[in-house]
Structures are given as C-alpha cells and as structure tokens.
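**Student:** Read left to right, the sequence shown gives residues 4 to 330 (the numbering used here). We put the beta carbon where it would ideally sit given N, CA and C, even for glycine. All values reported here derive from a predicted model rather than from experimental measurement.
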Amino acid sequence: MSFLSEFEPLEEKLFSYEEQPAPSGKLYTRTAYVGAERVRDIVSEYDKETCRLPYCLENEWFFIGYRIGEGITSFLHKKSGRQLLKNGTEAFFTPLYERTEIRRDVYEERRLLGRNIRGLHARCFQGTLQDIRILDHGPVFTRVELDFQLEGTAHSSVILKMYRHLPKIEFTLRIAKTLSEAIESVYLPLSLHLPEAELYIKNGGVPMRPGVDQLPGSNMEYYIADEGLLYRTDGESVLINTLDTPLLYMGPMEHHPIVLCDNREINNKRPVYSWIMNNTWETNFKMDLSGFGEFSYALELRENTGLHEDLNRLSDNDLGPAVFITA
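#1: Whose C-beta lies closer than 6 angstroms to the C-beta of residue 407 among residues of the same chain, with five residues either side of it excluded?
#2: Should residue 222 go down as buried or exposed, given a rule of 16 or more other Cβ atoms within 10 Å for buried?
#3: Can you tell me whether residue 42 is buried or exposed? The criterion is at least 16 other CB atoms within 10 Å of its CB, across all chains shown.
#4: With a cut-off of 8 angstroms on the beta carbons, I'd call residue 243 and residue 300 a contact; round off their distance for me.
#5: Below 7 angstroms CB to CB, which residues in the same chain sit around residue 308 once its five sequence neighbours on both sides are set aside?
#6: Distance, Cα to Cα, residue 105 vs residue 112?
#7: Report back the beta-carbon spacing between residue 256 and residue 273 to the nearest angstrom; my notes put them in contact at under 8 angstroms.
#8: Within the same chain, show all residues whose beta-carbon is closer than 6 angstroms to that of residue 57, passing over the 5 residues directly before and after it, in chain order.
#9: Going by the CB atoms, is the gap between residue 235 and residue 319 shorter than 8 angstroms?
#10: Which of the three DSSP states, helix, strand or coil, is assigned to residue 264?
#11: Ignoring anything shorter than 3 residues or poking outside the segment 113-189, list the beta strand (DSSP E) runs there in chain order.
#12: Measure how close the beta-carbons of residue 317 and residue 171 come, nearest whole angstrom, since I'm counting them as under 8 angstroms.
#13: Along the beta strand (DSSP E) that carries residue 312, what are the first and last residues, could you check?
#14: Quick one, which of 59, 271, 130 has its alpha-carbon nearest residue 202's?
#15: Verify whether the separation of the beta carbon atoms of residue 83 and residue 130 is less than 8 angstroms.
#16: Tell me whether residue 340 is buried or exposed, calling it buried when 16 or more other Cβ atoms sit within 10 Å of its Cβ.
#17: Once DSSP output is grouped into helix, strand and coil, what is the label at residue 199?
#18: Identify which residue in 65, 250, 199 has its Cα closest to the Cα of residue 120.
#19: If you count every other CB in all the chains shown that lies within 10 Å of the CB of residue 290, and 16 or more means buried, which is it?
#20: Determine whether the beta carbon atoms of residue 321 and residue 246 lie at a separation below 8 angstroms.
#21: State the DSSP-derived secondary structure class of residue 281, mapped to helix, strand or coil.
#22: Using the rule of at least 16 other Cβ atoms within 10 Å of the residue's Cβ for burial, across every protein chain shown, is residue 311 buried or exposed?
#23: Where does residue 20 sit, in a helix, a strand or coil, going by DSSP?
#24: Over what stretch of residues does the beta strand (DSSP E) that includes residue 210 continue unbroken?
Below you can see the structure in the form of structure tokens.
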C-alpha cells in the first residue's frame with residue numbers, strides 16, 4: 004500500500020486503514036487494452052501508460068528511455084527540454100566494472116598503481132541491457148528493473164522507481180559479484196549533462212566544491228561524501244543521495260597522470276561516479292569482492308532554493324522518515 008502525504012518539520016501523523024468493499028465491475032468493458040494472455044501491449048484510451056513501460060518511464064518532470072541492446076537512450080528534463088544523459092562510461096543508471104589483472108604479485112601490482120586507482124593495463128566494462136521487467140505500476144509510483152550483463156558479475160540490475168506526482172527518482176543497483184584475485188572496482192555514473200552547474204558535496208558536515216574548495220596540492224581523485232552530491236544551476240538544483248556508499252570518484256575512467264588540486268573551476272566539471280566496491284587498498288578492504296550487494300540512491304529536482312536549503316534537504320533525504328506500525 005502506497006500513498007503521498009506532506010509533513011511539516013517535526014510533525015507526526017497517525018494513519019489508519021479499514022477494508023473497503025470491492026468496486027463493482029462491468030462484465031463487458033468493450034475496451035481493448037489487454038489480450039487473452041494478459042499482456043497489456045495495446046495502445047488505448049483506457050490505459051495509456053502500461054504499453055509504453057517496456058520502452059520508457061515518464062512523469063511531469065522526467066523522461067527516461069531505454070532499449071534492450073542499447074541501454075539508457077534518454078534522460079530528459081522535460082521542463083527545459085534538456086538531455087541530462089551523457090555518453091560513454093558516463094551514461095546514467097548504467098553500472099561499470101573495472102579490472103586490473105595481477106601480472107606480477109598482489110603487492111607489486113598495487114604498488115605500481117601509485118596515485119591511480121587502476122593499473123596501466125586496466126580494462127573497463129560497461130553493462131549491456133539485456134532484459135526489462137515491470138515490477139509495479141500504480142497511482143503513486145512505477146518500478147522497472149533493468150537487467151544488465153556486466154563482466155565480473157553473475158547478476159547485475161538497476162531498479163528505477165519513478166514517482167507520479169513528485170520530482171523524484173529512486174534507483175537501486177543489485178549485484179552478485181564473482182570471485183577474482185584481480186584489482187577490481189564497481190562504479191555507477193552520477194554525471195549529468197549540466198555544463199553550467201556547480202557540484203557540491205558535504206564532507207565532515209562542511210559544504211565544498213570538489214577541486215575548488217580544498218587545499219592546494221591535495222588529492223582530487225576521490226572523496227567521501229556525507230550524504231551525496233548536489234548540482235546547482237541558476238534557479239534549479241538536482242540532489243543525488245548516495246544512501247549506501249559514500250565514496251565518489253571524479254576523473255577519467257582510465258589510467259592517467261595525476262593532477263593535484265590547483266583550485267581551478269574546471270576541476271569541478273569532471274565526471275563523477277559512485278565508487279561502490281573496490282579492493283585497491285588491501286589494508287582497508289577485504290581482498291575479494293564476491294557476494295551479493297544492494298546499493299540505493301535517490302535523485303530529486305528542486306527549484307528556486309538556496310544552497311543551504313538544498314544541503315539541508317540532502318541531509319533530510321538521507322535520514323528518511325521514521326515509521327512505526329502498531330497492531
């Protein structure tokens with residue numbers, strides 16, 4: 004059971020429910036919207052949405068298009084008509100797996116990484132969309148599972164949850180990682196095509212622009228974010244909560260010369276990825292990444308808000324509501 008309700012700060016609400024009589028149905032609707040095999044693939048005025056769900060999700064604010072074999076084909080901000088989707092390894096909602104094979108020994112291969120998080124001979128693999136499943140479709144939200152074929156995994160899927168009356172998308176990566184002795188990483192791109200936007204994170208409770216608001220000569224490759232990240236443009240903000248994994252990687256998805264922070268604005272425009280799993284530092288992480296994992300995210304669009312309002316909202320979204328169910 005799902006419904007929407009607005010809360011004021013510190014407000015508490017009590018909800019109750021009772022059984023309702025079933026609505027009377029008509030024996031003959033005379034509306035062709037579903038076949039005898041119960042597949043709703045017919046375009047009709049009775050149900051305009053279900054037949055399109057294998058190809059796209061849409062509400063008042065967003066349009067997401069996808070195709071088997073092609074992957075995510077569109078991520079549209081409908082009000083401005085702007086395409087938020089970027090190309091290549093930066094494609095939103097599409098998981099990445101990276102592997103550096105051990106050619107010498109475990110220690111020596113990691114020593115040779117230097118400041119890079121990958122080896123010179125590292126290979127990056129992008130998920131290929133191979134199946135689409137409609138999980139839920141109702142008056143509050145729709146959920147679609149995108150099943151990807153991804154190197155290094157036995158299972159990899161992204162579940163999209165789009166709300167009908169909210170400018171919000173929740174998405175979850177489910178992964179079954181296989182066993183390997185290689186240096187490995189799993190990423191989910193969080194880059195949006197917003198060239199004029201400033202990117203903010205909160206680090207230790209303090210807002211900062213990565214690559215700009217940090218000590219000269221310090222690391223710009225990866226960051227710990229308290230709750231997620233924030234894109235701010237003129238009059239509009241995009242909040243992305245990284246609910247289960249705080250590590251972000253910024254930069255090219257390849258071995259490269261390391262540039263230390265020089266506080267230039269262009270440093271803030273680099274691609275950004277949620278760095279979900281890695282075994283790069285054998286002293287801090289277990290050596291093998293095998294097993295099942297689920298990592299959740301939430302994206303929300305806000306208009307005409309200030310920086311501190313957005314950061315507070317990012318924190319509120321990270322906490323979530325407290326719900327108690329009583330008999």
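**Tutor:** Concretely, from the data shown:
#1: It is not possible to answer for residue 407, since the shown part of the chain is limited to 4 through 330.
#2: exposed
#3: Exposed.
#4: 6 angstroms
#5: 240
#6: 6 angstroms
#7: Rounded, the Cβ-Cβ distance is 11 angstroms, inconsistent with contact.
#8: Correct list, in chain order: 135.
#9: no
#10: coil
#11: 126-129, 131-140, 144-152, 156-166, 171-180
#12: About 13 angstroms; that fails the 8 angstroms criterion.
#13: First-last for residue 312: 310-322, but that is the alpha helix (DSSP H), not the beta strand (DSSP E).
#14: 271
#15: no
#16: Since the first residue shown for the chain is 4 and the last is 330, residue 340 is missing from the structure and cannot be characterised.
#17: coil
#18: Minimum Cα distance to residue 120 is reached at 250.
#19: exposed
#20: yes
#21: strand
#22: Residue 311 sits exposed, since fewer than 16 C-beta atoms from the chains shown fall within 10 Å of its C-beta.
#23: coil
#24: Where residue 210 is concerned, the enclosing beta strand (DSSP E) stretches over 209-211.
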